[in-house]
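The numbering of the sequence shown is the working numbering, which starts it at 68 and goes up by one.
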Amino acid sequence: MESTLVALAGTTIAVMGTLLAPVLSQRLLSRAQSDQFERQERAADAQWAREQRVAERDKQRECYVAANAGYRRYRVELMNHLWRVHKGEVTPEARASLDAARHAMHATFAEAQMVASDAVLAELDAMAVSLAHAYDRVMRLEEADTSPEEVFEEIRVMLLRANDQWIGMRGVMRADLGVEPGPAGP
68 MESTLVALAG TTIAVMGTLL APVLSQRLLS RAQSDQFERQ ERAADAQWAR
118 EQRVAERDKQ RECYVAANAG YRRYRVELMN HLWRVHKGEV TPEARASLDA
168 ARHAMHATFA EAQMVASDAV LAELDAMAVS LAHAYDRVMR LEEADTSPEE
218 VFEEIRVMLL RANDQWIGMR GVMRADLGVE PGPAGP
């Protein structure tokens, strides 16, 4: 009887092992697949986050390039217009060119306000104020009947200082993008 019990117990264990093996195997496989899926999901999330950061940085770079070019063009057009006023050679085309540069600068400034860092935005604000002040002075000089040499010279110096301010603004933009400092000149 004892050998029968041993045989019965052995058979029971063998049958249970045979019946439980696929269940346990499936459970272990399911757990391994679940872990692998979670790892893949985390990797995909990390990749998506990296791609988002790169896309945001690219958008910021494009915005800074546009703002940099817009501000520079506006400052150059102001300087050109100042010289035309000084020489008495203001034409409707020249005025339109100045207005186009001014509007382009305002458009790039508006875009930059949405993506620029606080440091860059402070520089853009300061530069916009300087250029607005210079624009006001140039327009007043244009409307005047005479062109006093000292007023012309004050505005010219103001625009030259705006160039130095522009160089500083460009440096802050480059630093914000993580780019090494560039040349000091325009």
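Cβ coordinates follow ideal geometry from the N, Cα and C atoms, glycine included.
Proximity below 7 angstroms, CB of residue i to CB of residue j
i	j	result
Ala254	Thr175	A question about residue 254 goes unanswered here, because the residues of the chain that appear run from 68 up to 253.
Val182	Gln127	yes
Tyr131	Met194	no
Arg151	Ala161	yes
Val187	Val239	yes
Euclidean distance between Cα positions of residue i and residue j
i	j	result
Glu217	Leu208	11 angstroms
Thr71	Gly77	10 angstroms
Glu123	Asp243	13 angstroms
Phe219	Ala136	25 angstroms
Ser184	Arg98	45 angstroms
Phe104	Val82	33 angstroms
Glu129	Leu96	49 angstroms
Asp192	Asp231	15 angstroms
Val246	Tyr141	25 angstroms
Thr79	Val73	10 angstroms
Cβ neighbour criterion (16 or more within 10 Å) applied to residue i
i	result
Glu190	buried
Arg109	exposed
Trp233	buried
Ala111	exposed
Ile222	buried
Pro253	In this prediction, Pro253 scores a pLDDT of 49, lower than 50, which makes its location untrustworthy; no coordinate-derived value is stated.
Met172	buried
Arg237	buried
Leu86	exposed
Leu226	buried
Ala88	exposed
Ala179	buried
Leu149	buried
Three-state secondary structure (DSSP) of residue i
i	result
Ala167	helix
Gly84	helix
Gly77	helix
Thr158	coil
Ala183	coil
Pro253	Since pLDDT at Pro253 reaches only 49, below the 50 mark, its modelled position is unreliable, and no value is offered.
Pro215	coil
Residue i Cβ short of 6 angstroms to the ligand MN heavy atom set
i	result
Ser197	The ligand content of the structure shown is nil, which means the ligand MN is not present either.
Quiz item: Using 8 angstroms as the threshold, is the region 87 to 96 in touch with the region 180 to 198, meaning 3 or more CB pairs across them?
Solution: These segments do not touch.
Quiz item: Per the contact definition of three or more C-beta pairs closer than 8 angstroms, is the region 164 to 175 in contact with the region 130 to 147?
Solution: yes
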